[in-house]
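Reviewing the structure listed below.
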Amino acid sequence: MDINFDAAYPIYEQVIEEIKKELVRGELRPGEKLPSQRKLAKKIEVNPNTVQRAYREMEQRGLVETKRGRGTFIKDDDQVMIEIKKDMADTAVKEFIDEMISLGFKKDDILEKINRNLKRRDQDE
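Those letters in the sequence shown? Residues 1 to 125, per full-length UniProt numbering, in order.
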């Protein structure tokens with residue numbers, strides 16, 4: 001896990017987002033054990049309390065579960081994965097649209113650019 005931290009957002013939230021991205025990309029799987037809080041803190045060079053808060057928040061959001069004496073595990077629940085993928089996709093699309101509108105593009109221009117780039121991507125594959 002490599003995170004380029006953005007000073008505009010709380011670090012613990014960025015840790016959560018990175019774990020969610022790893023889940024969506026298949027780098028982490030439901031039921032998989034996460035590194036200990038101390039080990040992850042050392043790896044990403046943050047205070048262990050920051051990782052502790054991220055793990056606690058993820059548990060409250062139903063993303064992970066802590067098994068006493070065994071560690072913290074990604075919740076083995078297909079519905080959780082579906083929700084994470086949906087939420088992350090919706091967020092990415094909203095941010096893209098907001099940025100395009102802030103650059104002065106209209107709806108038709110945005111759709112045309114998306115379609116053109118999707119066609120180009122299909123040709124490259």
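Using N, Cα and C, we set each Cβ at its ideal position, and we do this for glycine too.
Beta carbon of residue i nearer than 8 Å to that of residue j
i, j, result
"M88", "V15", "no"
"R68", "Y12", "no"
Same chain, Cβ closer than 6 Å to residue i, neighbours up to 5 away in sequence not counted
i, result
"G71", "K33"
Other residues of its chain near residue i: CB distance less than 7 Å, five sequence neighbours each side excluded
i, result
"R38", "P48"
"M100", "I110"
Residue i versus the options, residue with shortest Cα-Cα distance
i, options, result
"residue 190", "K119, V80, L103, S36", "Residue 190 lies beyond the range of the chain shown here (1 to 125); nothing can be said about it."
"L28", "K75, F96, N117", "K75"
"E83", "E65, K20, K119", "K20"
"G62", "I97, T91, P30", "P30"
"S36", "K86, R56, D124", "R56"
"I114", "V93, D124, E18, D78", "V93"
Cβ neighbours of residue i in the same chain (closer than 8 Å, five flanking residues each side left out)
i, result
"K43", "M1, P35"
Exercise. Taking only runs of the alpha helix (DSSP H) that begin and end inside the segment 39-118, which ones reach a length of at least 4 residues, in chain order?
Worked result: 48-60, 78-102
Exercise. Between the segment 40-60 and the segment 99-110, do at least 3 Cβ pairs fall closer than 8 Å?
Worked result: no
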